[in-house]
Structures are given as C-alpha cells and as structure tokens.
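Here's the structure we're looking at; comments come further down.
Protein chains in written order, with our numbering: chain U, 35 to 438; chain F, 35 to 438.
Next comes the structure, spelled out in structure tokens:
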C-alpha cells in the first residue's frame with residue numbers, strides 16, 4: 035500500500051483557477067486518516083529534483099480557500115520538460131521522501147511527466163499512485179470536454195472583444211486582437227462570444243486550424259470594412275501558411291524588417307503590428323489598431339468563470355478520490371453530462387500524454403473565419419454567471435433642418 | 035431664455051463610464067417641464083455639423099439605464115478637433131435646430147470646443163447655455179480632483195498588474211507592461227495599487243513626468259532582478275528623454291530597425307518590444323516579456339469602478355442642473371470633500387480648456403520609479419468596491435532528505 039505522504043505540484047503556464055485544483059487536493063486529502071503529510075513542490079518538477087517542498091499540512095483551511103481564489107500558480111511553476119533521465123531524478127526524490135501519491139497539475143507535457151514517472155515506479159516495484167490533473171487555457175487536452183483554466187481565459191477574451199467592439203463602433207476603423215493558442219484555436223474562437231448584435235465584431239476570426247492566406251485575409255478585411263465601415267478581427271498567435279510557416283515570419287521578411295535576425299516573432303506584439311501595417315499599406319485604411327492580449331488573458335485578476343472555479347476545485351478533489359479508492363494511475367478528465375453539468379473520469383495516462391486536441395471541424399464555420407452555433411452552445415455555459423452585457427440606444431433619427 | 039431643446043454629444047476616446055454621463059443628462063433633463071426635446075449627436079462634433087442626431091426623448095428610461103452600464107460612447111465619438119471655423123459650423127446647426135442647451139462630454143479638446151462655441155453664441159447674442167462635462171482616462175483635466183473614466187481604467191491597470199505580478203512570480207523573469215497616457219502618468223501610476231506584499235511588482239514605474247534615461251533604466255532592472263530574481267515594470271507610453279524625444283523612437287533608431295521609416299511607434303506594441311529587446315541584449319536575461327495594454331484598458335467590459343459609475347452619472351446630472359438654474363457656461367468639475375466623498379462645481383471654461391494636468395510632485399517618489407503614499411490614498415477610494423485580492427501560501431519549508 036502507498037505511504038501516507040502526498041506530493042502535489044503545478045506545471046506550465048499559470049491560469050486563473052489552477053490554485054483551486056491545488057486546494058482541492060490539499061483539502062480533500064485531509065479527509066483520509068492515513069495521510070500524514072501533504073507536500074507541495076515549488077516551481078513544478080524543478081522543485082522536486084531540488085527537494086524544495088512546502089508542507090501544506092500546516093496550512094489553515096481558511097488561507098487555502100483564499101489562495102484557491104487567487105490566480106496563477108501559488109507553488110510556482112516551471113517550463114522544464116522532463117525526459118527519462120529527469121524523471122529518474124524525480125523518482126529518486128519521491129523514494130527518498132517516501133512519497134506514496136504524486137499529483138501533477140498541468141497540460142500535455144505534465145501528463146507525459148506523470149506517465150514516465152508512473153512507469154519508472156512500476157518498473158522499480160515502488161508503491162506510487164501518480165495522477166495527472168488537467169489544466170490549460172489552450173483547451174488542447176484530448177479526452178476532455180474542456181480543461182480547467184480555459185473557461186476563465188475564454189471569458190476574458192470574450193469580454194475583451196465585447197469592449198473592443200464597442201470602442202471600435204464609437205471610433206470606427208480596423209482593430210486586430212491577437213490571442214494565445216499556438217496549435218488550438220479555442221481561445222481565439224471564444225472572441226465570438228463577445229458578439230451580441232448582428233453587426234458586432236469580431237467580424238473575422240482566424241484560427242490555427244485553418245491555413246492563413248494573406249491575400250484572402252486582406253480581401254476579407256476589405257469587404258467587411260466596406261460593409262460595416264469598420265472591422266474587428268480576432269487572430270490566433272498560431273496562424274500559419276500552408277507550409278506551416280508562422281505568418282509573423284512571412285510578413286517580417288516581406289517588410290525586410292528583420293535585418294539582424296534578432297526580432298522575436300512570438301511572445302510580443304509583432305504579429306498584431308505586422309498585420310496592421312499590412313492592412314494600412316495594402317488597403318489604405320487610416321485607422322488601424324492592434325492589441326496583443328499577452329499575459330493579461332491568463333492571469334488577469336477579477337475576470338474568472340465561477341463554473342471554471344468549481345470544476346478546477348473538483349478535478350483536484352476527484353484526483354485524490356481516484357488515488358485513494360482506485361487501483362490505477364491516470365489523468366482526471368471532464369465529461370459533459372448535461373446542459374450544463376459534468377462528471378469526472380480517470381483516463382489512462384497513455385490516452386492523454388503528449389497528444390494535442392485542436393478545434394473540431396463542427397466548431398468552425400465553412401467560411402473558416404467564424405465559429406458555428408455548436409461552438410457557441412459548447413462554450414456559453416463554461417463562461418459562468420454574471421457575464422457583462424452591452425446595450426445600445428434605439429434608432430430614433432431626427433430630421434435635418436439645413437438639408438445638407 | 036434658452037429654448038427647450040437640448041443637444042448632447044460625446045467626444046474623444048471612449049471610457050467605461052462615459053454613457054453614465056450621457057444618461058445623467060438625458061434623465062435629469064426629463065425633470066424640467068420646459069425641455070421638449072433631448073437630441074444626441076452621433077460621433078461628437080462631426081455629427082453636429084452633419085446634423086446626424088438621435089432623439090433621446092423617445093428612449094425608455096429602462097434602456098437608458100442599460101446603456102449607462104455599457105462601456106464606450108453609445109452615440110459614437112470623433113477625433114475631430116474643431117477650430118474657429120469648424121465651431122461656426124457647429125453654431126450654425128445649433129441655431130437652425132433652435133438648440134438652447136449644449137452639453138459636450140469629453141476631455142481637453144472638447145472643453146476647448148465648448149469654450150469657442152460659447153463665445154460665438156455670446157457674440158451673436160444667441161441664447162445658448164454651453165456646458166462641458168469631464169471625461170478622460172488620462173485624468174489630465176485641471177481643476178478636477180479626478181475625471182470620470184480614469185477610476186475604471188485605473189482599476190483595470192491595477193488588476194492587470196496584480197495578475198501579471200502573480201504570473202511573473204510563478205514563472206520568474208522580467209515583465210514590461212506599457213500603459214496609456216502620453217503626458218500624464220496617473221494611469222501608469224495606478225499599477226502601484228496592484229501591489230500587496232512588499233516583494234510584489236510592479237517593482238519599477240516609469241512616468242512621463244520624469245525624464246527616462248535608458249542606462250539608468252537598465253541599472254534599475256538589473257538591481258531589481260538581482261534582488262528578487264524577477265522584475266515587473268510599468269511603463270507609460272509617453273516616456274521620453276531629456277529633449278522630449280519618445281524612447282520608442284530612440285530605441286528603434288539604435289536598432290536600425292526602422293529602415294523604411296514606416297514603422298509606427300505609438301498605438302502598437304513597439305515600445306514594449308523595444309524595451310524587452312534592450313533588456314535581453316544588454317542584461318542577458320532570458321525570460322523577458324512585454325505587453326501593451328492598448329484598448330483593453332479603456333473599453334474592457336466588466337471591469338468598472340462603482341464609484342466612477344456613480345460620479346460619471348452625477349457630472350451629467352449636475353451639468354443639467356447648472357444649465358437650468360445657473361447663469362453661466364462652464365465645465366463641471368469634481369471636488370473631493372472627504373475620505374471619501376465629492377461635490378461638484380462649475381468652473382469657467384477658460385480655466386479648463388486646452389490646459390493639461392500632470393501628476394503632482396507629491397505623488398511621485400523621490401526615486402522617480404515609484405508612487406508615494408499620498409498617491410495611494412488619493413487613488414484607493416476611486417477604485418470602488420469589490421477589488422479582487424491576492425493571497426499566498428504561508429512559509430512552511432520541508433527539510434531535505436537527499437541533502438543536495
């Protein structure tokens with residue numbers, strides 16, 4: 035039987051609700067009499083091999099609740115992607131501390147780390163229960179209806195576009211908003227939920243699931259601008275041409291912009307700025323503005339989905355229950371059971387690790403620049419309660435007197 | 035006596051609460067029996083000279099309340115800055131429609147427009163009451179304790195930095211957030227209100243009220259990074275060297291980046307990206323990220339100060355009362371009367387028009403890279419109720435076993 039010591043860690047990019055999962059583990063574990071200690075590793079797997087642990091057993095439940103409602107990884111995170119050798123170091127530390135249960139909250143890479151550690155423990159005949167707890171704003175874990183962290187980031191993106199659309203309606207022009215998500219377009223697609231009236235933006239949505247053709251993009255912007263006198267565009271940072279080359283790289287080259295080869299093309303405002311320059315120079319539109327949502331979309335404090343909070347807490351709780359009562363290592367997954375309710379299951383680690391989900395075809399409109407109602411129905415309940423709403427003055431024109 | 039027709043318009047950049055002022059005018063005017071019509075001009079002064087009016091008299095009070103809670107200018111806005119000739123066109127339209135009261139909601143430029151129109155009406159002996167209603171996220175109107183719109187934008191900036199700081203603590207590195215405000219640093223300084231624990235960011239704040247010296251900036255970042263292992267920086271888009279040259283222009287030149295002279299240096303991500311490149315190349319720090327808050331900070335839906343909402347409503351109401359019961363044209367101003375309460379007065383248009391307030395010296399720390407407690411006391415009540423808060427796990431280290 036596994037020992038009474040738990041280790042929990044957080045990996046990859048922070049989210050608005052990842053601490054709910056941490057606290058779900060810590061509080062649920064207190065229900066089990068044989069659990070003597072709950073350790074948290076600082077900065078993910080890096081903190082494990084450094085033996086840099088916090089004793090969460092000594093936390094008050096009140097402070098844990100406050101931390102649960104705080105965005106970003108309270109234990110710290112890491113970008114380390116462990117290979118077999120790195121995982122042997124992890125395993126060595128788990129053995130030395132007599133850890134019986136290992137919980138790792140993270141995305142694809144984290145699930146792969148759990149998979150390797152699980153294998154090594156089995157090979158060494160060491161009694162370890164290893165559970166991966168899902169987390170990613172990209173929503174790109176297979177086998178999950180959606181992943182904790184995504185709904186809150188999606189809510190931020192929807193609210194940001196709702197506001198940007200109102201701003202753009204007041205001072206018409208072209209607005210480009212660049213959204214995170216290198217391979218999966220879910221977060222960019224969430225911009226569509228910021229739309230209320232038929233002529234609202236985003237009018238065009240560009241996803242990494244579809245090939246981006248610059249000439250077609252310019253034609254789309256031109257016709258939208260001619261129709262509405264303005265154009266709001268949501269763009270995934272991962273857009274690429276047919277060969278897979280990032281659009282930022284193509285545009286930078288075209289502009290002979292990158293003479294020293296030292297201009298970083300991701301994690302900054304380059305893509306938005308380059309697309310804006312392209313629209314200005316080719317379409318001769320004057321007022322063109324671009325924003326890159328950057329870190330705001332994953333860590334903004336005070337824009338969170340209550341549904342996401344609850345589910346992130348539950349995946350942590352369920353992870354402990356699966357560990358204590360089950361016979362298998364695995365990855366906790368969210369299943370949708372109604373409109374709207376969910377349940378949780380434990381998937382084999384092999385089924386999740388190292389795989390990437392992208393947006394299903396049924397979620398993308400045939401035009402390639404919009405989402406479908408199926409996607410709207412999929413996303414809406416995840417955004418939670420209290421979504422802000424936008425209203426307009428009704429149409430009551432006044433007759434001209436000077437007859438200009 | 036002025037006629038029973040009111041015209042109201044909205045100018046300049048939208049804010050989260052500018053529609054509160056519009057609705058304050060529209061609803062308060064309904065109390066006065068001799069007011070027969072309330073017109074709203076579409077797209078500010080541009081809509082006046084185009085005679086493009088909406089009849090707000092026909093709006094329901096319910097829809098007006100919904101619009102009041104919607105960010106961005108419901109009537110539309112304009113960047114037009116009227117000169118004497120333009121104002122004569124405005125005046126011609128006001129006469130033709132027999133407008134007796136003119137309310138213009140906006141910043142510096144808008145108050146100057148009201149001043150000129152007021153003069154022209156007086157010169158023509160036309161009975162017109164002209165009132166400027168303050169609005170600007172820059173907080174740069176003289177004679178006001180603060181301006182409607184600023185508190186909500188400040189709240190967004192404070193929340194954004196609170197989240198960015200948590201993200202940066204989880205994955206340490208350097209983070210640069212560029213904030214709006216070309217001449218006045220109030221909005222950038224609001225980042226300081228996102229700080230809670232002594233080692234929280236923003237660790238450095240750069241304001242347009244102080245000369246920006248690149249070498250000193252790099253030294254500041256270096257020492258902060260050495261002390262905390264990370265560094266969160268708030269930068270105003272308006273930072274400049276001793277000669278007034280924008281820093282983005284200086285850095286772009288240094289990098290020979292701008293070969294074609296066609297790279298726009300404002301209204302995009304250039305400043306953040308250039309500062310990040312500078313830190314990476316000179317300080318050899320690997321993880322350096324920059325965000326430009328752009329339009330999100332002035333139009334994000336769902337991040338608003340209730341104090342700001344209430345005051346924006348009141349300046350609209352008071353404008354109508356000053357117009358109906360007073361004998362003078364003027365600009366409505368907010369006066370602080372307690373901690374925290376306000377009252378409103380009508381300033382002469384000459385006292386406000388075309389003048390720019392910048393941050394008072396008492397609000398800026400001697401280091402030039404932080405704010406004072408006087409500023410914190412000034413800003414805190416404006417942010418309103420329900421500010422989200424951040425909490426940490428307490429320090430309970432676990433002894434190492436492997437003694438690495």
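Every residue gets a Cβ at the ideal spot worked out from N, C-alpha and C, and that includes glycine. Quick caveat, the model's predicted, so the values are computed rather than measured.
is_contact[residue i, chain U] using C-beta, thresh 8 angstroms
{"i": "residue 161 of chain F", "result": "no"}
{"i": "residue 295 of chain F", "result": "Caution is warranted here: a pLDDT of 44 is assigned to residue 295 of chain F, below 50, making its placement in the model unreliable, and the coordinate value is therefore given only provisionally. Not closer than 8 angstroms to any Cβ of chain U, the Cβ of residue 295 of chain F fails to qualify, so no."}
{"i": "residue 93 of chain F", "result": "yes"}
{"i": "residue 235 of chain F", "result": "no"}
{"i": "residue 131 of chain F", "result": "yes"}
{"i": "residue 87 of chain F", "result": "yes"}
{"i": "residue 204 of chain F", "result": "yes"}
{"i": "residue 386 of chain F", "result": "no"}
{"i": "residue 330 of chain F", "result": "yes"}
{"i": "residue 436 of chain F", "result": "yes"}
Residue-chain proximity (residue i, chain F), Cβ-Cβ < 8 angstroms
{"i": "residue 391 of chain U", "result": "no"}
{"i": "residue 227 of chain U", "result": "no"}
{"i": "residue 221 of chain U", "result": "no"}
Chain-ordered neighbours of residue i on chain F, where CB pairs are closer than 7 angstroms
{"i": "residue 271 of chain U", "result": "Under the 7 angstroms cutoff, chain F gives no residues; its nearest Cβ is about 12 angstroms from residue 271 of chain U."}
Chain-ordered chain U contacts of residue i [CB-CB under 9 angstroms]
{"i": "residue 200 of chain F", "result": "48, 104, 105, 106, 107, 108, 333 and 335"}
{"i": "residue 15 of chain F", "result": "With chain F running from 35 to 438 in the structure shown, residue 15 of chain F is simply not present."}
{"i": "residue 97 of chain F", "result": "425, 426, 427 and 428"}
{"i": "residue 285 of chain F", "result": "Per Cβ cutoff of 9 angstroms: no residues; residue 285 of chain F is ~12 angstroms from chain U at best."}
Among the options, the one whose alpha carbon lies nearest that of residue i
{"i": "residue 68 of chain U", "options": "U:217, U:274, U:359 and U:82", "result": "U:359"}
{"i": "residue 166 of chain U", "options": "U:143, U:436 and U:361", "result": "U:143"}
{"i": "residue 216 of chain U", "options": "U:394, U:272 and U:281", "result": "U:272"}
{"i": "residue 363 of chain F", "options": "F:369, F:379 and F:372", "result": "F:379"}
{"i": "residue 118 of chain F", "options": "F:155, F:88, F:111 and F:134", "result": "F:155"}
{"i": "residue 244 of chain F", "options": "F:224, F:252 and F:218", "result": "F:218"}
{"i": "residue 368 of chain F", "options": "F:233, F:384, F:350 and F:361", "result": "F:350"}
{"i": "residue 153 of chain U", "options": "U:136, U:169 and U:74", "result": "U:136"}
{"i": "residue 332 of chain F", "options": "F:173, F:268 and F:323", "result": "F:173"}
{"i": "residue 408 of chain U", "options": "U:238, U:47, U:176 and U:226", "result": "U:226"}
{"i": "residue 59 of chain F", "options": "F:49, F:128, F:73 and F:50", "result": "F:73"}
{"i": "residue 400 of chain U", "options": "U:341, U:239, U:361 and U:253", "result": "U:239"}
{"i": "residue 274 of chain U", "options": "U:354, U:100, U:181 and U:309", "result": "U:309"}
{"i": "residue 179 of chain U", "options": "U:421, U:342, U:426 and U:427", "result": "U:342"}
{"i": "residue 145 of chain U", "options": "U:221, U:415, U:383 and U:390", "result": "U:383"}
{"i": "residue 441 of chain U", "options": "U:200, U:287, U:141 and U:319", "result": "Since the first and last residues shown for chain U are 35 and 438, residue 441 of chain U lies out of range."}
{"i": "residue 340 of chain U", "options": "U:103, U:94, U:66 and U:148", "result": "U:103"}
{"i": "residue 374 of chain F", "options": "F:397, F:413 and F:347", "result": "F:413"}
{"i": "residue 326 of chain U", "options": "F:302, F:254, F:344 and F:418", "result": "F:302"}
{"i": "residue 267 of chain F", "options": "F:42, F:306 and F:126", "result": "F:306"}
{"i": "residue 420 of chain U", "options": "F:336, F:354 and F:426", "result": "F:336"}
Chain C residues whose Cβ lies nearer than 8 angstroms to that of residue i
{"i": "residue 101 of chain F", "result": "Included in the structure are the protein chains U and F, with no chain C among them."}
Chain-ordered chain U contacts of residue i [CB-CB under 7 angstroms]
{"i": "residue 73 of chain F", "result": "432"}
message = Output needed in chain order: residues of the stretch 106-127 of chain F with a Cβ under 9 angstroms from some Cβ in chain U.
response = 106, 107, 108, 109, 110, 111, 112, 113, 126 and 127
query = Mind listing which residues of the stretch 303-328 of chain F have their C-beta closer than 8 angstroms to chain U's C-betas, in chain order?
reply = 303, 304, 306, 307, 310, 311, 315, 323, 324, 325, 326, 327 and 328
ask   = Which residues, taken in chain order from the stretch 403-433 of chain U, show a beta carbon closer than 9 angstroms to some beta carbon of chain F?
value = 420, 421, 422, 423, 424, 425, 426, 427, 428, 429, 430, 431, 432 and 433
ask   = In chain order, what residues of the stretch 175-199 of chain F put their CB closer than 8 angstroms to some CB of chain U?
value = 193, 194, 196, 197 and 198
ask   = Of all the alpha helix (DSSP H) runs that stay within the bounds of the stretch 192-265 of chain F, which reach a length of 4 or more residues?
value = 220-223 and 248-262
task = For the stretch 354-416 of chain F, list the beta strand (DSSP E) runs that are entirely contained and at least 3 residues long, ordered along the chain.
result = 364-372 and 375-381
query = What beta strand (DSSP E) runs, 3 residues minimum, are completely inside the stretch 68-143 of chain U?
reply = 71-75, 87-89 and 135-140
query = Can you list the beta strand (DSSP E) stretches of 3 or more residues lying completely in the stretch 36-64 of chain F, in chain order?
reply = 39-44
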